[in-house]
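Take a look at the structure set out below.
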Amino acid sequence: MENYRKNANIQIGKRLREARNNLGRTQAEIAASFGVSEEHYRKYESGATGLSADKILILYHEYGVDPTYLITGSCLKNDFDVDYYIANCSKEQKDAFVDRVLAFISRMVKK
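Note that the sequence shown covers residues 1213 to 1323 in the working numbering.
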């Protein structure tokens, strides 16, 4: 059982790191949201420490990180249709979506 928990923490930590990078956030920013030190936050990403429910809820409410994906690696919303979304959203929603996509692309190009 202990080995299973350790492996689960490592996998969750990898997905946490990936989500943080995708959001363009630093470890310090997420650590501040969690109310922990940056060193303690690194333990979450390495899998040395498991995430508690309150930390998972912070990720969901503040950053939109899907708890199901974070815990299991499976996306519930795996059939996102960009054309449908753009055709059925307000101008403000579309503009915000485009801004986020462009910011994401910009961060990826800079790497």
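A virtual CB, placed ideally from N, CA and C, is assigned to each residue, including glycine.
Nearest-angstrom Cα separation, counted from residue j out to residue i
i, j, result
"C1174", "S1258", "With the chain running from 1213 to 1323 in the structure shown, residue 1174 is simply not present."
"G1247", "I1283", "21 Å"
"D1293", "T1280", "20 Å"
"E1230", "S1318", "17 Å"
"M1320", "L1235", "11 Å"
"F1316", "M1213", "39 Å"
"I1268", "A1299", "32 Å"
"K1306", "Y1216", "42 Å"
"R1312", "E1274", "16 Å"
"Y1291", "E1250", "It is Asp, not Tyr, that sits at residue 1291 in the sequence shown. Spanning the two alpha carbons is a distance of roughly 35 Å."
"V1310", "K1303", "10 Å"
"D1278", "I1270", "11 Å"
"C1330", "A1308", "Examination of residue 1330 is not possible in this model, given that the chain is present from 1213 through 1323 alone."
"Y1272", "R1237", "14 Å"
Cβ-based neighbour list, residue i, same chain, cut-off 7 Å, excluding 5 preceding and 5 following
i, result
"Y1253", "Q1239, I1242, A1243 and F1246"
"Y1256", "G1225, L1228 and L1263"
Continuous alpha helix (DSSP H) stretch holding residue i: start and end
i, result
"N1219", "E1214 to L1235"
"V1248", "No alpha helix (DSSP H) holds V1248; DSSP gives it neither H nor E."
Cut-off 8 Å between Cβ atoms - residues of its own chain near residue i, not counting five sequence neighbours on either side
i, result
"G1285", "Q1223 and R1227"
"T1261", "N1221, H1252 and K1255"
6 Å Cβ shell around residue i - same chain, five flanking residues per side excluded
i, result
"R1232", "I1242"
### Task
Kindly provide the ranges of any alpha helix (DSSP H) runs that are 4 or more residues long and lie completely inside the stretch 1269 to 1307, ordered along the chain.
If we require 4 residues or more, the alpha helix (DSSP H) runs fully inside the stretch 1269 to 1307 come out as 1279 to 1284 and 1294 to 1299.
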